[in-house]
Amino acid sequence: MSTFRPENTLSTGIQFKSDAFVVIIKTSWNASILDALELGCINVLESQKVAYKVITVPGAFEIPFAIQKTWHNSINKKPSAFIALGCIIKGDTPHFDYVCKAVTDGVLQLNLQLPVPTIFGVLTVDNEQQALERIGGIHGHKGEEAAITALKMIELFS
């Protein structure tokens, strides 16, 4: 696992909003991978003193619906951004392709419809080893990257 170092990753000159609020929507499938993705997000958000909430949905297909409902049901404090976290591992049927496309298209639509960004932190991998390589392995930490992207998008467009 990587250790997030804010001085290395966020040194872009962007000043982060102190009142930002990020909602992480994560799946319950592939729990050990998702726990690591979530922890990466939380480490970044806490290092920047950004408030957050985590909502768990059954599977990746449900992520766009949960984001849309969370936005519309938020009365007192609207989220500044959403982070979609999931891990879809390819199997022997075309189910992988359908779910990946649906989630990708759903997040794209949310980015075009909602006034706040939705960050795509969904791993779409052939096997568990590829997922492990993306939660602190040779391909970095996609949970951390998703949170950094959310913070940068909040500042660019708020």
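Residue -18 is where the sequence shown starts when you use the numbering used here, and the numbers rise one by one after that. All C-beta atoms in this analysis are idealised placements derived from N, C-alpha and C, irrespective of residue type, glycine included.
Minimum C-alpha distance to residue 43 - residue among 23, 116, 67 and 31: 67
Segments assigned beta strand (DSSP E), at least 3 residues, entirely inside the region 51 to 120: 62 to 70, 99 to 106 and 116 to 118
For residue 123, three-class secondary structure by DSSP: helix
Opening and closing residue of the alpha helix (DSSP H) in which residue 25 lies: 12 to 28
Helix, strand or coil at residue 32 according to DSSP, with G and I counted as helix: strand
Cβ contact check for the region 105 to 124 and the region 21 to 31: 3 or more pairs under 8 Å: yes
Own chain, CB closer than 8 Å to residue 106, minus 5 neighbours either side, in chain order: 68, 69, 70, 71, 112 and 115
Residue 131 beta carbon less than 8 Å from that of residue 3: yes
Buried or exposed by the 16-neighbour rule on C-beta atoms within 10 Å, applied to residue 137: exposed
Buried versus exposed call for residue 119 [16 or more other C-beta atoms within 10 Å across all chains shown]: exposed
Whole-angstrom C-beta distance between residue 62 and residue 97, which should lie under 8 Å: 5 Å
Cβ-based burial, residue 46 [other Cβ within 10 Å; buried from 16]: exposed
Environment of residue 79 [buried if 16+ CB atoms lie within 10 Å]: exposed
Beta-carbon separation (whole angstroms), residue 48 vs residue 91, contact threshold 8 Å: 6 Å
Assumed close pair residue 102, residue 65 - CB separation to whole angstroms, cut-off 8 Å: 6 Å
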